[in-house]
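Q: Start counting the sequence shown at 176; every next residue gets the next number (my numbering). Here a beta-carbon is modelled for each residue, glycine too, at the ideal position from N, C-alpha and C.
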Amino acid sequence: MRCLLLALFLFSNSFAQSLYANITIYKDGFALVKQPVLWEDLETDQSIIIWDILPFGIVYDSPFLVLENAKVLTQSFNQDVFHFSDRLYNYLGERIDVKLINENDMSGTLVEVTDETLTLQRRRSIISFNRDRVAYINLPGLMEDVQYKPTIKWAIETKEEVDTLAGNLTYLTSGFGWEANYRLIIEPNGVEGQFLADAKILNNTNMSFDKMNLSLVEGRINLNSKVDQQQQTAGRKSTMINAEVSELGDYHIYSMGTNMNLVSKETLVTRLYTPRQINFEKTYLFENNEKSQKEEPLSIEYKIPNTIENNLDLPLPQGKIQLYQVLNSGNIEYIGQDKISQVPRSNTATISSGKAFDVIGKRKVLNYDKQRKSEEASISITVTNTLSRGVNIKLIEHIYGDWVVRNASSNYRKIDASTIHFPLSIPQESSKTVTYTYRKEWK
Numbered sequence: 176m177r178c179l180l181l182a183l184f185l186f187s188n189s190f191a192q193s194l195y196a197n198i199t200i201y202k203d204g205f206a207l208v209k210q211p212v213l214w215e216d217l218e219t220d221q222s223i224i225i226w227d228i229l230p231f232g233i234v235y236d237s238p239f240l241v242l243e244n245a246k247v248l249t250q251s252f253n254q255d256v257f258h259f260s261d262r263l264y265n266y267l268g269e270r271i272d273v274k275l276i277n278e279n280d281m282s283g284t285l286v287e288v289t290d291e292t293l294t295l296q297r298r299r300s301i302i303s304f305n306r307d308r309v310a311y312i313n314l315p316g317l318m319e320d321v322q323y324k325p326t327i328k329w330a331i332e333t334k335e336e337v338d339t340l341a342g343n344l345t346y347l348t349s350g351f352g353w354e355a356n357y358r359l360i361i362e363p364n365g366v367e368g369q370f371l372a373d374a375k376i377l378n379n380t381n382m383s384f385d386k387m388n389l390s391l392v393e394g395r396i397n398l399n400s401k402v403d404q405q406q407q408t409a410g411r412k413s414t415m416i417n418a419e420v421s422e423l424g425d426y427h428i429y430s431m432g433t434n435m436n437l438v439s440k441e442t443l444v445t446r447l448y449t450p451r452q453i454n455f456e457k458t459y460l461f462e463n464n465e466k467s468q469k470e471e472p473l474s475i476e477y478k479i480p481n482t483i484e485n486n487l488d489l490p491l492p493q494g495k496i497q498l499y500q501v502l503n504s505g506n507i508e509y510i511g512q513d514k515i516s517q518v519p520r521s522n523t524a525t526i527s528s529g530k531a532f533d534v535i536g537k538r539k540v541l542n543y544d545k546q547r548k549s550e551e552a553s554i555s556i557t558v559t560n561t562l563s564r565g566v567n568i569k570l571i572e573h574i575y576g577d578w579v580v581r582n583a584s585s586n587y588r589k590i591d592a593s594t595i596h597f598p599l600s601i602p603q604e605s606s607k608t609v610t611y612t613y614r615k616e617w618k
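#1: Assuming Leu-371 and Pro-450 form a contact by the criterion Cβ under 8 Å, report the distance between their Cβ atoms to the nearest whole angstrom.
#2: Would Leu-391 and Ala-245 be called neighbours here (beta carbons separated by less than 7 Å)?
#3: Can you list, in chain order, the residues of its chain whose CB lies under 6 Å from that of Pro-602, leaving out five sequence neighbours each side?
#4: Once DSSP output is grouped into helix, strand and coil, what is the label at Arg-308?
#5: Quick check: does the Cβ of Asn-464 come within less than 6 Å of any heavy atom belonging to the ligand FMN?
#6: What's the gap between the Cα of His-427 and the Cα of Trp-353?
#7: Which word fits Arg-411, buried or exposed, when buried means at least 16 other C-beta atoms lie within 10 angstroms of its C-beta?
#8: With a CB to CB cut of under 6 Å and the five nearest residues on each side skipped, what residues in its chain are close to Leu-599?
#9: Can you name, in chain order, every residue of its own chain whose Cβ lies under 8 Å from the Cβ of Trp-617, other than the five neighbours on each side?
#10: Within 10 angstroms of the Cβ of Ala-518, are there 16 or more other Cβ atoms? Answer buried if so, exposed if not.
#11: Could you give the distance in angstroms between the alpha-carbon of Pro-490 and the alpha-carbon of Arg-520?
#12: Are the C-beta atoms of Leu-293 and some chain C residue less than 7 Å apart?
#13: Bridge partners for Val-629 per DSSP, in chain order?
#14: Report buried or exposed for Gln-221, applying the criterion of at least 16 other Cβ atoms within 10 angstroms of its Cβ.
#15: At 3 residues or longer, what runs of the beta strand (DSSP E) sit wholly inside the stretch 444–479?
#16: State the DSSP-derived secondary structure class of Leu-564, mapped to helix, strand or coil.
#17: Might you give, ordered along the chain, the residues of its own chain that have their beta carbon closer than 6 Å to the beta carbon of Pro-363, omitting 5 neighbours on each side?
#18: Please confirm if the stretch 457–474 is in contact with the stretch 205–218, defined as three or more CB-CB distances below 8 Å between the two stretches.
#19: Are the stretch 425–445 and the stretch 376–386 touching by the rule of at least three beta carbon pairs closer than 8 Å?
#20: Which residues does DSSP pair with Asp-544 in a beta bridge?
#21: For Phe-259, report the span of its alpha helix (DSSP H) as first-last.
#22: Can you give me the C-alpha to C-alpha distance between Val-619 and Lys-202, rounded to a whole angstrom?
#23: Quick check: the Cα distance between Ile-510 and Ile-360, rounded to an integer number of angstroms?
#24: Can you tell me the Cα-Cα spacing of Asn-305 and Phe-257, whole angstroms?
#25: Considering Cα atoms alone, identify which of Asn-313, Thr-612, Glu-471, Ser-563 is closest to Tyr-587.
#26: What are the complete alpha helix (DSSP H) segments, minimum 4 residues, inside the stretch 200–278?
#27: Which residues share a DSSP beta bridge with Ser-605?
#28: Which residues in the same chain have their Cβ closer than 6 Å to the Cβ of Lys-324, if we skip the five residues on either side of it in sequence?
#29: Quick one: residues in its chain with C-beta nearer than 6 Å to the C-beta of Arg-614, no 5 flanking neighbours on either side, listed in chain order?
#30: Between the Cα of Ile-198 and the Cα atoms of Phe-597, Ser-563, Asn-388, Phe-205, which residue gives the shortest distance?
#31: How would you label Gly-368, buried or exposed, when you count the other beta carbons within 10 angstroms and need 16 or more for buried?
#32: Relative to the C-alpha of Leu-242, which candidate in Tyr-477, Thr-333, Asp-544 has its C-alpha closest?
#33: Measuring alpha carbon to alpha carbon, tell me which residue in Pro-315, Arg-358, Leu-248 is nearest Lys-514.
#34: Let me make sure I understand the geometry here. Which of Lys-466, Ser-474, Thr-249 has the alpha-carbon closest to that of Val-540?
#35: In whole angstroms, what is the alpha-carbon distance linking Ser-303 and Asp-338?
#36: Which residues in the same chain have their Cβ closer than 6 Å to the Cβ of Met-435, if we skip the five residues on either side of it in sequence?
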């Protein structure tokens, strides 16, 4: 029986390289790779084919091969890859040499190996030390039957003699990731801005992918696997391809295009949507609980309607958003960053950019009376606006239990069982005060 290993991969700078793959990257740190494969110059009695150039993060039970002119009979995956830490167990009872950091060499019989410690039996003592203290370990003998990479082997059957096999190898692998990066560049008028949406794509595998067809999926898919995904990468580059969006069952899939390159250990930034000119609502938030008393700057909130009328109406994936302000001089300054949840069409994105310098809130408890079966408090909230323009204020008050509000000096809305909202508009260089009393009773 003869076997042949032939792969459509090249080696460059110690990284494997894939050509013409179709890759779908998920938010969970996994990707689905659909790799065209070709075996040439087959022998007449060829019945075994082997593939051993794969990402280190491959999900072992995921690969399957579909051949155009042959039938796959069996598939075996040898994942017994060499790991020095694992091989230490094979030397239990053997004499080894250990060099500790900033200390002399020592020799002894290896009697215990754990994730954190090594233990040696020396001539007159037993010594145990943390593995992070080890500079190097010298083991006796030579390594035999060492496999450095995972290997897939297939037994195949052909109906007629062929010298070429073609097909597709599909598998899941960890080491990939992506997230949306948004930018809102606010115009000097403070009510509109330019909205930019990019995708940051991470390839933390040992393979580079050239001339690939790339898709991104928004939504958390249940994979029931632990992902070790590192966020630091060696390189970063940008491209301005726009995505096409379609539905994938209950998820959204973004087709980023073909003929794209993603180098190993690289982060690629590409455009999700063309830039949009949008409007937004800016509000200052002061949020408190029952008996809290404080004086502090108000939080700044931006609300962006994801609607046709606002030049959006797009499925916006989860990510982070950076805010920039265009000054009257034309200069652009960074003013904050926030996370953004998934925003379906016709919903509204809410963004916080930090605390305002010139809009201050002060909350006082004027009176508090607690009896055996009741509680009553009178609250005063003053918001001062020292800006040269008017501002919209959102006062949020949280009251818990069975309560009623009395003698409110301003209209309010009940949001839920424990929240009320006072909307205010405060002119430039002025202030407003809201007072109310809440009462709670229990049996």
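A: By the coordinates alone:
#1: Confirmed, about 5 Å.
#2: no
#3: Gly-565
#4: helix
#5: Looking for the ligand FMN in the displayed structure turns up nothing, as the structure carries no ligands at all.
#6: 14 Å
#7: With a pLDDT of 47 at Arg-411, under the threshold of 50, the modelled position of that residue is not reliable, and no figure is offered here.
#8: Ile-568, Lys-607
#9: Hits under 8 Å: Lys-548, Ser-549, Gly-576, Asp-577.
#10: One detail in the question is off: residue 518 reads as Val in this sequence, not Ala. Buried: at least 16 other Cβ atoms inside 10 Å.
#11: Cα to Cα, Pro-490 sits roughly 6 Å from Arg-520.
#12: Of the protein chains in this structure there is only one, and it is not chain C.
#13: Residue coverage of the chain in this structure runs from 176 to 618, which leaves residue 629 outside it and unanswerable.
#14: buried
#15: 456–464
#16: Reading the sequence as shown, one finds Arg at residue 564 and not Leu. Residue state, collapsed to three classes: coil.
#17: Val-501, Asn-503
#18: By the Cβ test, the stretch 457–474 is not in contact with the stretch 205–218, since fewer than three Cβ pairs between them sit closer than 8 Å.
#19: yes
#20: Note: Asp-544 sits in a beta bridge opposite Glu-551.
#21: 259–262
#22: This structure does not reach residue 619, given that the chain is present from 176 up to 618, and the question cannot be answered.
#23: 10 Å
#24: 22 Å
#25: Thr-612
#26: Taking only runs of at least 4 residues, the alpha helix (DSSP H) segments lying wholly in the stretch 200–278 are 259–262.
#27: Asn-560
#28: If we look at Lys-324 and ignore the five residues flanking it on each side, its Cβ neighbours are Asp-227.
#29: Glu-551, Val-579
#30: Closest by alpha carbon: Asn-388.
#31: buried
#32: Thr-333
#33: Proximity to Lys-514 across Pro-315, Arg-358, Leu-248 peaks at Arg-358, based on C-alpha coordinates.
#34: For the residues Lys-466, Ser-474, Thr-249, the minimum Cα distance to Val-540 belongs to Lys-466.
#35: 59 Å
#36: Met-387, Leu-389
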